[in-house]
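Peer 1:
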Amino acid sequence: MLFDGSFGERWMFLDFLLKNLKTSISLREEVKDFMRYFLLLLLMIPLSALAQNDLAIGQWKSHLPYRKAIDVTQSQEKIYYATEWSVLALDKIDFSVEFFSKVNGLSNVGVERIKYNRFSDILIVVYTNGVIDLLKPEGTVVLNAIKNFNNILGQKNINDVYIENGSDIYLAASYGISKLNIEAEEFAFTTFTGAEINSITVFQEELYAATNEGVYKTSLKNPFPEDFSTWDFLDNSFGFPVDYSSQNLAVFQEELYLDVNDTLFRYDGNELAFAYQEEEYQLAYLSTEGNNLIAGWTRGRQQEGRILYFQDKQEFTELSRSCLFNPFFAVEDSEKDGFIWFADQARGFKYLENFQDSQCKNISFNSPFSHHVKEIEIADETVWIASGNLNPTFSPLFRSDGIFRFQERQWSEFNRNTDGGLKGKDAWDFMDIAVHPDNGKVYAAAFIEGLYEIEGEEVTFYDDSNSSLNNAVGDPTRTRVSGLAFDQDNNLWISNYSAERPISVLTNEGNWRSFSVAGGCRNETNLLQVLVDNFGYKWFVSSSNSAGLLVYDTGANIEDTSDDRCRLFVTGDCQLPTNKVNAIAQDKDGSIWVGTSAGVAVSQGFDPFDDNFCFFLPKTDQDETNLGLLLSTEDVKTVAVDGANRKWFGTSNGVFLQSEDGTEQLAHFTATNSPLFDNNILDIEIEPKTGEVYIGTAKGLLSLRAEANEGSVVNNRNAYAFPNPVRPEYTGTIAITGLAENANVKITDIHGQLFFETKALGGQAIWDGNDYNGQRASSGVYLVFSTSTNNFNPDALVTKILVMR
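If you're matching positions, the sequence shown starts at 142 in my numbering and goes up one per residue.
1) Just verifying my parser: in three-state terms, what is the DSSP assignment at asparagine 377?
2) Kindly confirm or deny that the region 427 to 440 and the region 465 to 473 touch, where touching means at least three C-beta pairs closer than 8 Å.
3) In this structure, what does DSSP give as the bridge partners for arginine 868?
4) I'd like to confirm the pairing. Which residues does DSSP put opposite threonine 666 in its beta bridges?
5) Tell me which residue opens and which closes the beta strand (DSSP E) that lysine 887 is part of.
6) Measure how close the beta-carbons of cysteine 715 and phenylalanine 756 come, nearest whole angstrom, since I'm counting them as under 8 Å.
7) Is the beta carbon of serine 386 less than 8 Å from the beta carbon of asparagine 402?
8) If we count the other Cβ atoms within 10 Å of its Cβ and call it buried at 16 or more, is methionine 572 buried or exposed?
9) Counting only C-beta atoms, is leucine 413 closer than 8 Å to chain C at any point?
10) Which same chain residues, not among the five before or five after asparagine 270, have their C-beta less than 6 Å away from its C-beta?
11) Report the option in Pro366, Pro816 and Leu449 whose CA atom is closest to the CA atom of glycine 199.
12) When you compare the CB positions of asparagine 637 and valine 614, do they come within less than 8 Å of one another, or not?
13) Quick one: grab the DSSP three-state call for cysteine 715.
14) Flag this pair as touching only if the region 504 to 515 and the region 832 to 846 have three or more C-beta atom pairs under 8 Å; answer yes or no.
15) To test your reading of the DSSP string, which unbroken alpha helix (DSSP H) runs of 4 or more residues are found completely within the region 793 to 876?
16) Just to confirm my understanding: we take asparagine 632, look at its own chain, exclude 5 residues before and 5 after, and list those with CB closer than 8 Å. What are they?
17) Should asparagine 433 be counted as a contact of the ligand MN given a C-beta to heavy atom distance under 7 Å?
18) If you follow the beta strand (DSSP E) that threonine 359 is in, where does it begin and where does it stop?
19) Look up aspartate 783 in the DSSP assignment and give the residues it is bridged to.
20) Within the chosen definition, does the region 219 to 235 reach the region 248 to 262 through at least 3 CB pairs nearer than 8 Å?
21) Alanine 329 and isoleucine 338: beta carbons closer than 8 Å?
22) For isoleucine 234, does the count of other Cβ atoms within 10 angstroms reach 16, so buried, or fall short, so exposed?
23) Give a yes or no on contact between the region 478 to 488 and the region 531 to 544, applying the rule of three or more CB pairs nearer than 8 Å.
24) Can you give me the start and stop residues for the beta strand (DSSP E) that glycine 577 sits inside?
25) Does the region 853 to 871 come close enough to the region 547 to 554 that 3 or more CB-CB pairs lie under 8 Å?
26) Using the Cα positions of serine 744 and glycine 677, report the straight-line distance between them to the nearest angstrom.
27) Starting from alanine 128, trace the beta strand (DSSP E) both ways and give me its first and last residue.
28) Is the separation between the beta-carbon of phenylalanine 547 and that of tryptophan 569 shorter than 8 Å?
29) Check whether the region 811 to 825 touches the region 869 to 884, taking contact to mean three or more Cβ pairs, one atom from each stretch, closer than 8 Å.
30) Quick one: what's got a C-beta closer than 6 Å to serine 141's C-beta in the same chain, skipping five residues either side?
31) Measure the alpha-carbon distance for serine 261 versus leucine 798 and round it to whole angstroms.
32) Would you mind stating whether lysine 202 and leucine 843 have Cβ atoms separated by less than 8 Å?
33) Taking the beta carbon of arginine 846 as the centre, do at least 16 other beta carbons fall within 10 Å, making it buried, or is it exposed?
34) Excluding five sequence neighbours on each side, which residues of the same chain lie with their C-beta closer than 8 Å to the C-beta of valine 953?
35) Write down every uninterrupted run of the beta strand (DSSP E) in the region 495 to 582 whose length is 3 residues or greater and which is fully enclosed by it, in chain order.
36) Could you tell me which residues DSSP pairs with histidine 892 in its beta bridges?
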């Protein structure tokens, strides 16, 4: 990169430019003097400003699992793997990789299968909802026709794709058969068969379709292929059984290979001949993308399989079982006979360099363990994910994925299958994570069962046997932990779900205590999320239909319960819109924001035990229903507050960004108008230094670099702008970060003439690169001055921005 590097490296670069200035008479001395001055200004730009940030303002990033493949296909140079959520392209020679998701290149999530058309260099991506992406060299084309078929009820799955030539492909689908011209991007015909089509291929100028009721065929010259009554059924008159099913079709060495009731046969157009049978196994796939035939077999629920490699009709080799668990698909490398690439239920992307090899090779990628997200916790620039959850009746899902860590751009995981400290334990459904503010110990709440303390490689487990945690009432073998939060004294407060004493604390000194909530809280024990506010009050979300929110006060001394207090907030009491509370958060002004299934409530007052303390329902100009109450028609699942005190609400209808007081809607992100994987938002957490917003959806994690981050009392000495320099091709937002909270910011040209003025969002100011009249900044160096609103210092020069046009 042009201006990356150390001070010395930049000086050498500038010195080189100065020495090589043209000396011709056409370059006047004053111009050369200006160029020297201009170039020397670059040395004054902080190194941090020259570093390339991971994300630009407004840019999205996906954090999807690349742990196993469900399908595989190939071009001449690349292998394409599909996961459930996205696609990756692996170079066959150097194994470099490119990832495609809804953030870059794909239109949806929920990939069902992929197929590469080497005749036209188009990757075909099929989704579970029937949408088809055509990834062409010039960009992605999205086909929604199948998704929008109004005469088809239920799922519109595409089970197989057959490529006839560079323009024509056939689709075997749950509704029947479609012929699609991918160059013209239109359907030639669709045949509604009344039977699900499992596989489709062309053999001897006829189109064959496999179904659970047998195989059908029709001539490619049939003028009315959409009329299924014109198709022939291959029954005993064609040498087939009277009653049979078929799942897979492929042409190899001028014969049609197919399964008939789980037995592999060859068909030459006249006679059916036995090829192979494996007792208790079902044929999972047939693959002929290379020069030979690969047949994958599975035992279904027993999750084991076999893969056979046919070099001719009579000779086959069983491939190494180290390459399979439950086979999905495989392809032979089109450039190297016997080099096999596998898609399998087992984790990893597997391949054999030679079909006779006994040991499979495995490729792994830096990614989360799974797409599941329940809670996100960010501490010390490290992102933690709890992957468990509960069903609508608050029963466990028994997810064993554990917790994930994203640190220094590397993902790692801790769960009962992969980590020694948790291996073999009943570590199911992790619900929350908290990080000790001083020593960095990580605490993970498992709904089944207990609390885990992780310090490096050492893991300590707490349940009813070695702590104040109680087992659940009615389930005496389980210690259910559902929520965690530290207070200002570094005491860890714990929601002990459905226990007789549902609140526990692990003090900073390592002591345990538990508390009942009888009396003012009606012994409400079904406690989930916990928040400790700035005044030390402990707030708990209740899953009970008769209680929405519980607040607990331990008084002056945790050890003395005589002054403890507890209060419930319910619907109709202080205007909670419903008892179904999902989330709570405290903003920078100390107000408590509550997300419910019927909108948002916010506290009025700071002492929840004061008779005048209440919740009210904010109004907004954007929502005209229910008297304009904030998100009153939305199921608000999570609440987050950014550095500018703006409110981020995750709902079942996407993400809403509201102004500081909630009255103005600043943005509404959905799966339709943004890269969001899904409208069902489970959690939102914001990285304070960068302002990166991590969003957990039901279909995976992604992040957005937002405009606001946390500011400090005064401007940071290392404040910087990015991108910097602003290159000619860049048209996006320029951010100045490291500022005092809500600072006033002025941008001038090199002569001190005011060009632009704004106010920081938290600790970050945003400039669109224009002046007050909307004119783009011309080439030059621009000075950034900032004044803190917390002191009376004059404007201070905090950084410079180089604009190149």
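Glycine included, each C-beta is placed from N, C-alpha and C at the ideal position.
Peer 2: The answer reads as follows:
1) Taking the first residue of the sequence shown as position 1, residue 377 is located at position 236. Helix at asparagine 377.
2) yes
3) If you number the sequence shown from 1, residue 868 lands on position 727. The partner list for arginine 868 (beta bridge, DSSP) is empty, contrary to what the question assumes.
4) Within the sequence shown, numbered from 1, the residue matching residue 666 stands at position 525. Its beta-bridge partners do not exist; DSSP assigns none.
5) Start at 1 with the first residue of the sequence shown, and residue 887 comes out as number 746. Lysine 887 -> beta strand (DSSP E) spans 885 to 889.
6) Here the question's residue 715 lines up with position 574 in the sequence shown. Here the question's residue 756 lines up with position 615 in the sequence shown. Sure, about 4 Å apart at Cβ, within 8 Å.
7) Position 245 of the sequence shown, counted from the start, is the residue given in the question as residue 386. Position 261 of the sequence shown, counted from the start, is the residue given in the question as residue 402. In contact: serine 386 and asparagine 402 (Cβ atoms closer than 8 Å).
8) In the sequence shown, residue 572 corresponds to position 431, counting from 1. The residue is buried, with at least 16 neighbouring Cβ atoms inside 10 Å.
9) Looking for chain C here will not work: only one protein chain is present.
10) In the sequence shown, residue 270 corresponds to position 129, counting from 1. The residues are Lys288.
11) Working through the sequence shown from its first residue, we reach residue 199 at position 58. It is Pro816 whose Cα lies nearest to the Cα of glycine 199.
12) As a working mapping, residue 637 is identified with position 496 in the sequence shown. As a working mapping, residue 614 is identified with position 473 in the sequence shown. Not a contact, by the Cβ cut-off of 8 Å.
13) Within the sequence shown, numbered from 1, the residue matching residue 715 stands at position 574. Note: cysteine 715 maps to coil in three-state DSSP.
14) yes
15) none
16) As a working note, residue 632 is residue 491 in the sequence shown. Within the same chain, asparagine 632 has close Cβ partners Val646, Leu647, Thr648, Asn649 and Ile699.
17) Absence of the ligand MN from the depicted structure is noted, as is the absence of any ligand whatsoever, leaving it without description.
18) Counting from 1 along the sequence shown, the entry for residue 359 is found at position 218. Threonine 359 -> beta strand (DSSP E) spans 355 to 360.
19) Here residue 783 refers to the residue found at position 642 of the sequence shown. Bridge partners of aspartate 783: none, in fact.
20) yes
21) Within the sequence shown, residue 329 is the residue found at index 188, counting from 1. Within the sequence shown, residue 338 is the residue found at index 197, counting from 1. No, they are not a contact pair.
22) Translated into the one-based positions of the sequence shown, residue 234 becomes position 93. So isoleucine 234 counts as exposed.
23) no
24) Counted from its first residue, the sequence shown places residue 577 at position 436. First, the amino acid is wrong: residue 577 is histidine here, not glycine. Element bounds for histidine 577: n/a, residue is neither H nor E.
25) no
26) Position 603 of the sequence shown, counted from the start, is the residue given in the question as residue 744. Position 536 of the sequence shown, counted from the start, is the residue given in the question as residue 677. Approximately 16 Å, taken between the alpha carbons.
27) The chain is shown from 142 up to 946; residue 128 falls before or after that span and cannot be answered.
28) In the sequence shown, residue 547 corresponds to position 406, counting from 1. In the sequence shown, residue 569 corresponds to position 428, counting from 1. In this structure, tryptophan 569 does not lie closer than 8 Å to phenylalanine 547 by Cβ.
29) no
30) Nothing about residue 141 can be reported from this structure: the residues present for the chain run from 142 to 946 only.
31) Residue 261 sits at position 120 when you count from the first residue of the sequence shown. Residue 798 sits at position 657 when you count from the first residue of the sequence shown. Answer to the nearest angstrom: the Cα atoms are 43 Å apart.
32) The residue you call residue 202 lines up with position 61 of the sequence shown. The residue you call residue 843 lines up with position 702 of the sequence shown. Yes, the Cβ-Cβ distance between lysine 202 and leucine 843 is below 8 Å.
33) For the purposes of this step, residue 846 is taken as the residue at position 705 of the sequence shown. By the 10 Å Cβ count, arginine 846 comes out buried.
34) Past the boundaries of the shown model lies residue 953; the chain is included only from 142 to 946, so the question cannot be answered.
35) 502 to 504, 516 to 520, 523 to 527, 544 to 548, 551 to 555 and 569 to 576
36) Here residue 892 refers to the residue found at position 751 of the sequence shown. In DSSP, histidine 892 forms no bridge with anything.
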